[in-house]
Structure formats: C-alpha cells, structure tokens
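S.K.: Starting off with a structure, shown below.
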Amino acid sequence: MEELPQKPSKPKRILNAYAFLSLGLQLVISTGVLGILGHYLDEFLKISFPLFLMLGILAGLTASVIKILRELDNKKNN
C-alpha cells in the first residue's frame with residue numbers, strides 16, 4: 048500500500064506563498080517602471096508612436112518571465 052504524500056508544514060506553505068508573491072510583484076514593478084521610462088523617453092524625443100513605451104513593457108515582461116522560469120526550475124531541482 049502506497050503512502051500518501053504529506054502536506055508541507057504551515058510555515059513552509061507560507062514561505063512558498065511569499066516567494067510567489069514576490070515574483071508577481073517583480074513582474075508588475077519591472078513592467079511598470081520600464082513602461083513609464085519608455086513613456087517619458089517617447090515624450091522627450093517627441094515620438095508620436097509609443098515605441099519606447101512598448102519596448103519597455105516588452106523588456107519588463109521578458110525579464111520577469113525569465114526570472115519566474117529560473118525560480119520555478121530551481122524549486123523543481125531542490
């Protein structure tokens with residue numbers, strides 16, 4: 048008869064929740080900051096098309112997704 052996997056302890060579950068919360072905050076903050084910087088750069092250079100805004104948002108999302116994938120891979124290997 049197989050043993051059922053045990054649930055992680057409550058402190059460990061809380062730490063896991065905080066780890067994923069921090070990843071979500073990093074996603075929002077990096078995307079927002081780079082998007083705002085891109086917006087101001089578009090205004091400074093007087094570009095009618097929001098090129099740097101879109102590049103900033105894309106760079107923030109890309110960096111965040113890479114960070115999330117690395118964190119998930121580290122958790123899987125441990």
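In this note's numbering, the protein residues as written are 48 to 125.
Positions of the beta carbon are idealized from the N, C-alpha and C atoms, including for glycine.
These figures come from a predicted structure and were not determined experimentally.
Measuring straight from C-alpha to C-alpha, what distance separates N124 and K114?
M.R.: Distance between the alpha carbons of N124 and K114 is about 15 angstroms.
S.K.: Contact between the region 97-117 and the region 68-85: three or more CB pairs below 8 angstroms?
M.R.: Taking 8 angstroms as the limit for Cβ pairs, the verdict is that the region 68-85 does touch the region 97-117.
S.K.: Which residue wins for smallest C-alpha separation from L121, given the options A66, R60, P58?
M.R.: A quick correction: the sequence has Asn, not Leu, at residue 121. Nearest of A66, R60, P58 to N121, Cα basis: A66.
S.K.: Under DSSP, the alpha helix (DSSP H) around P99 begins and ends at which residues?
M.R.: A quick correction: the sequence has Phe, not Pro, at residue 99. Per DSSP, F99 belongs to the alpha helix (DSSP H) from 98-124.
S.K.: For L74 and G85, which I take to be in contact (beta-carbon distance under 8 angstroms), what is that distance rounded to the nearest angstrom?
M.R.: 16 angstroms between Cβ atoms; not a contact.
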